[in-house]
């Protein structure tokens, strides 16, 4: 079945530094990838939609300069949390879709802790 | 973004019991998906539904796409301890040109051995 790999699974960084999270589709080409954020005991909150070769579309309230998204190829999208603050600590999950009608498959998530 | 109304929010059941959870929406959906999320991991797709009235099974799991296209349910029969986790419904509204999913708030399932 479709596999989405997300790396790293956990990262701890200091305030003010930047962190890059990678999302790869391993056995299919993903024209669209999505980035979610999840707070404890809550549902997934869509942050942005990443389309290969074009700018990401951000949801309302998500700072595009803080959460930089790059989707340079059909199998890789990256999310960079810039100038991280403790309130950016969260669980970040990517997902990818191949063909338009195919279901969404998720990565295993990245637990970010900013100290 | 918009959330689907998923219920119940949590369930604490005895091993062997059947479980039922559902999602409803005021909008019409083209696709309903059910995911399970274990702690510290990403959601894993359980069942995908594409047609109104569709009833699909995956082992002990059964899900249906409501006839009105505004609801879906997931049943788990003869629950076992490894069924513990959070179950999310997700749907693609019919008016969604961006293929984005709307998620339910999740149902936290706890199973007592």
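Protein chains in written order, with our numbering: chain A, 49 to 163; chain B, 24 to 136.
Every residue, glycine too, gets a C-beta built ideally from N, C-alpha and C.
Could you give the residue range of the beta strand (DSSP E) that holds residue 156/A? Segment: none, residue 156/A is in no beta strand (DSSP E) and carries neither H nor E.
Determine the direct distance from the alpha carbon of residue 115/A to that of residue 125/A, and round the result to whole angstroms. 12 Å
Residue 61/B to residue 93/A span [Cα, whole Å]: 17 Å
Return the Cβ separation of residue 86/A and residue 138/A in integer angstroms, given the expectation that the two are a contact with Cβ distance under 8 Å. 7 Å
Straight-line gap, residue 71/A to residue 44/B (C-alpha atoms, nearest Å): 31 Å
Can you give me the Cβ contacts of residue 24/B inside the same chain, cut-off strictly under 6 Å, excluding the 5 residues immediately before and after it? Residue placement at residue 24/B is flagged as unreliable, the pLDDT there being 46, under the threshold of 50; a coordinate-derived value is accordingly withheld.
Along the stretch 67 to 94 of chain B, what residues have a CB closer than 9 Å to any CB found in chain A? 67, 68, 71 and 73
Nearest candidate by alpha-carbon position, reference residue 94/B, set 54/B, 63/B, 130/B and 38/B: 54/B
Closest Cα partner of residue 32/B within the set 109/B, 48/B and 124/B: 109/B
Going by CA-CA distance only, name the one from 107/A, 161/A and 106/A that's closest to residue 135/A. 161/A
Can you give me the C-alpha to C-alpha distance between residue 151/A and residue 101/B, rounded to a whole angstrom? 27 Å
Run through chain B and tell me which residues come within less than 9 Å of residue 77/A, C-beta to C-beta. Those do not exist, as residue 77/A stays about 15 Å from chain B at its closest Cβ, beyond 9 Å.
Residues that residue 140/A bridges to, as DSSP identifies them: 85/A and 158/A
In chain B, which residues lie with their C-beta within 8 Å of the C-beta of residue 151/A? 54, 56, 68 and 71
Anything in chain B within Cβ reach of residue 21/A, meaning under 7 Å, just list it in chain order. Absent from the structure is residue 21/A, since the part of chain A shown begins at 49 and ends at 163.
Give me, in chain order, the residues of the same chain whose beta-carbon lies closer than 7 Å to that of residue 68/A; leave out the 5 immediate sequence neighbours on both sides. 126 and 128
Is DSSP giving residue 64/B helix, strand or coil here? coil
In three-state DSSP terms, what is residue 113/A? coil
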